[in-house]
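Under our numbering, the letters of the sequence shown match residues 5 to 345, in that order.
The C-beta atom is built at its ideal place from N, Cα and C for all residues, glycine as well.
Step one of this worksheet: look at the structure below.
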Amino acid sequence: MSFKGFGSDNQAGVHPEVLAAIAEANVGHAHAYGDDPWTARAIELFREHFGAETDVALTFNGTGANVVSLGAVCRQWESVICAETAHINSDECGAPERVAGVKLVPVATRDGKLTPDLVAPHLAGFGFEHHAQPRVISVSQVTEYGTVYTVAELEALAATAHAHGMLLHVDGARIANAAVSLGLPFRAFITDAGVDMLSFGGTKNGMLAGEAVLLLGEARRECLPYVRKQCGQLSSKMRFVAAQFIAMLEDDLWERCARNANEMATRLAAGAEGIGITVTQAPQANEVFAVLPRPMADQFAEEFHFYVWDESRGEVRWVTSWDTHPQEVDALVGAMRGVLG
């Protein structure tokens, strides 16, 4: 049985071009563990987008990519400053702390975004053996509240990190949606903005399974392959992960998928506001947050397959995907209009 809903872009299927790429890679045999032409081509494409000074490690999933990123640059007495809503803090079952061995320092934010001022109180204890040593500032792009960091905001965080001998990590589970929202190539708001590490997301944007760890410039580490292996993220048949990234990156499929998702979120937010529903965060990518009367939230969450984000205020989250159609958005808006009269 199948359904279409607004619960998560993880619920969407695989783009046909990605499936075709997997099928094409399935012909014959290939060397294992990344010693194959597909992986070599995927790495080449990432370097075209982010710069020649980029180390790439393909992984299975987002939690794995984040753990490998942090584990490659942090020692076990070091800490990572993040928003309290960050995926690494709220939705990864303690994996960064258990597997990477780092201490997470969550910071309260208004809109999911860290700023230098919010980070500043936690830049303390350097050289003091009783305190975990601050090593990384980690941000989500897109944030868990659907907001997008501007280039200037990322540059400011990178400058703050570098001034203290730290690194800036971006959890880019929805990095393609951010690029479309900003109208910029990846390099402009990652490499050129001073970001040191990126977890590049593919699964939420039309891939079957696959993310990538990118270490940029001075953040590059010889230990990256070994950390990936220890974290259980080394695929023996890596060509099938790599083939998906080739399909995404060669002909800008990533952009087409993300653009549709973003446009459908804009349509949904406009429709909801048009019938008097409060949208709590101006949608910048493919997530919409809105406050619904609780009976309506309960009724439609089941029918349209979305989640209640904040039980206390009746805030729900709608996520649109590469395969969301306008009529599906209009059906949700129309159903809510029918209840509201």
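What is the DSSP secondary structure of Asp200, counted as helix, strand or coil?
By 1-based counting over the sequence shown, the position of residue 200 is 196. Reduced to three states, the DSSP call for Asp200 is coil.
In the DSSP assignment, find the unbroken beta strand (DSSP E) run with Glu254 in it and report its ends.
Residue numbering aside, residue 254 sits at position 250 when the sequence shown is read from its first letter. Element bounds for Glu254: not the beta strand (DSSP E) but the alpha helix (DSSP H), 243 to 254.
Measure the beta-carbon distance from Leu272 to Trp322 and round it to whole angstroms, keeping in mind my assumption that it falls under 8 Å.
For this step, residue 272 is matched to residue 268 along the sequence shown. For this step, residue 322 is matched to residue 318 along the sequence shown. Their Cβ separation, rounded to whole angstroms, is 6 Å, which keeps Leu272 and Trp322 in contact under 8 Å.
Given 8 Å as the limit, is there contact between the segment 241 to 252 and the segment 196 to 212, that is, 3 or more CB pairs closer than that?
Three or more beta-carbon pairs drawn from the segment 241 to 252 and the segment 196 to 212 are found closer than 8 Å, and the two stretches are therefore classed as touching.
Report the residue from Glu159, Ser94, Ala251, Val84 whose alpha carbon sits nearest the alpha carbon of His135.
Within the sequence shown, numbered from 1, the residue matching residue 135 stands at position 131. Nearest option by C-alpha distance: Val84.
How about the segment 59 to 70 and the segment 258 to 269: do they share at least three Cβ pairs that are nearer than 8 Å?
no
Looking at C-alpha atoms only, which residue of Asp255, Met300, Ala16, Ala112 is the closest neighbour of Val143?
Counted from its first residue, the sequence shown places residue 143 at position 139. The shortest C-alpha separation from Val143 is found at Ala112.
Please say whether Pro110 and Asp78 have beta carbons closer to each other than 8 Å?
Counting from 1 along the sequence shown, the entry for residue 78 is found at position 74. Counting from 1 along the sequence shown, the entry for residue 110 is found at position 106. Reading the sequence as shown, one finds Cys at residue 78 and not Asp. The answer is no: Cβ separation not under 8 Å.
Suppose only complete runs of 3+ residues qualify. What are the beta strand (DSSP E) ranges in the segment 104 to 150, listed by chain order?
107 to 111, 137 to 144
Quick test of the definition: if touching needs 3 or more C-beta pairs under 8 Å, does the segment 196 to 210 touch the segment 156 to 170?
yes
Which term fits Lys233, buried or exposed, when burial requires 16 or more other beta carbons within 10 angstroms of its beta carbon?
Mapped onto the sequence shown, residue 233 falls at position 229. The residue in question, Lys233, is exposed, as its Cβ has fewer than 16 Cβ neighbours within 10 Å.
Near Ala90, which residues of its chain fall below 6 Å by C-beta distance, leaving aside the five closest residues on each side in sequence?
Position 86 of the sequence shown, counting from 1, holds the residue named residue 90. Answer for Ala90: Ser144, listed in chain order.
Taking Val292 as part of the beta strand (DSSP E), name the residues at either end of that continuous run.
Position 288 of the sequence shown, counted from the start, is the residue given in the question as residue 292. Segment 291 to 295, the beta strand (DSSP E) holding Val292.
Any idea if Ser20 is buried or exposed, counting beta-carbon neighbours within 10 angstroms, 16 or more meaning buried?
Numbered from its first residue, the sequence shown carries residue 20 at position 16. Just to set this straight, residue 20 is Pro in the shown sequence, not Ser. Flag for Pro20 reads exposed.
Same chain, Cβ closer than 7 Å to Arg191, neighbours up to 5 away in sequence not counted
Counted from its first residue, the sequence shown places residue 191 at position 187. Counting only Cβ-Cβ distances below 7 Å, and skipping sequence neighbours, we find His53, Phe54, Gly55.
Just how far apart, CA to CA, sit Glu222 and Leu118?
As a first step, residue 222 is located in the sequence shown; it is residue number 218 there, counting from the start. As a first step, residue 118 is located in the sequence shown; it is residue number 114 there, counting from the start. Computed Cα separation, rounded: 23 Å.
Using the rule of at least 16 other Cβ atoms within 10 Å of the residue's Cβ for burial, across every protein chain shown, is Leu344 buried or exposed?
Taking the first residue of the sequence shown as position 1, residue 344 is located at position 340. It counts as exposed.
Between the segment 176 to 184 and the segment 278 to 294, do at least 3 Cβ pairs fall closer than 8 Å?
yes
Do Leu23 and Glu254 have their CB atoms nearer than 8 Å?
Taking the sequence shown and counting its residues from 1, the one referred to as residue 23 is at position 19. Taking the sequence shown and counting its residues from 1, the one referred to as residue 254 is at position 250. No. Outside cutoff.
Should Asp175 and Ile92 be called a contact, given that it needs their Cβ atoms to be closer than 8 Å?
The sequence position of residue 175 within the sequence shown is 171, counting from 1. The sequence position of residue 92 within the sequence shown is 88, counting from 1. Yes.
Sort Ala99, Arg178, Thr43 by Cα distance to Ser240 and report the nearest one.
Numbered from 1 along the sequence shown, position 236 holds the residue referred to as residue 240. The option with the nearest alpha carbon to Ser240 is Thr43.
Roughly how far, in whole angstroms, is the beta-carbon of Val295 from the beta-carbon of Ala305, given that I think they are within contact range, below 8 Å?
Here residue 295 is taken as the residue at index 291 of the sequence shown, counted from 1. Here residue 305 is taken as the residue at index 301 of the sequence shown, counted from 1. Not really, about 13 Å apart at Cβ, beyond 8 Å.
Assigned exposure category for Asn30 - 16 Cβ within 10 Å defines buried:
Position 26 of the sequence shown, counting from 1, holds the residue named residue 30. Asn30 comes out exposed.
Can you have a look at Asp39 and say buried or exposed, based on whether 16 or more other CB atoms are within 10 angstroms of its CB?
The residue you call residue 39 lines up with position 35 of the sequence shown. Exposed, because fewer than 16 other Cβ atoms sit within 10 Å of the Cβ of Asp39.
Please report the distance separating the alpha-carbon of Thr151 from that of Asp196.
For this step, residue 151 is matched to residue 147 along the sequence shown. For this step, residue 196 is matched to residue 192 along the sequence shown. Taking the straight line joining both Cα atoms gives about 20 Å.
At the level of alpha carbons, what is the spacing between Val337 and Gly275?
Looking up residue 337 in the sequence shown gives position 333. Looking up residue 275 in the sequence shown gives position 271. Roughly 6 Å between the two C-alpha positions.
Mind checking which residues open and close the alpha helix (DSSP H) that includes Thr63?
Residue 63 sits at position 59 when you count from the first residue of the sequence shown. Thr63 -> not in any alpha helix (DSSP H); beta strand (DSSP E) instead, spanning 58 to 63.
Would you mind working out which of Pro297, Met340, Glu259 sits nearest Ser316, comparing C-alpha positions?
Mapped onto the sequence shown, residue 316 falls at position 312. Per the Cα distances, Pro297.
Establish whether the CB of Ile92 and some CB of chain C are separated by less than 8 Å.
In the structure shown, chain C cannot be found, because there is only a single protein chain.
How big is the Cα-Cα spacing for Glu28 and Gly206?
Start at 1 with the first residue of the sequence shown, and residue 28 comes out as number 24. Start at 1 with the first residue of the sequence shown, and residue 206 comes out as number 202. So the two alpha carbons sit approximately 19 Å from each other.
Cα-Cα separation, Ala46 to Leu218:
Here the question's residue 46 lines up with position 42 in the sequence shown. Here the question's residue 218 lines up with position 214 in the sequence shown. Distance between the alpha carbons of Ala46 and Leu218 is about 12 Å.
Can you tell me which of the three DSSP states Ala87 falls into?
The sequence position of residue 87 within the sequence shown is 83, counting from 1. Strand at Ala87.
Nearest-angstrom Cα distance between Arg139 and Gly280?
Translated into the one-based positions of the sequence shown, residue 139 becomes position 135. Translated into the one-based positions of the sequence shown, residue 280 becomes position 276. Taking the straight line joining both Cα atoms gives about 45 Å.
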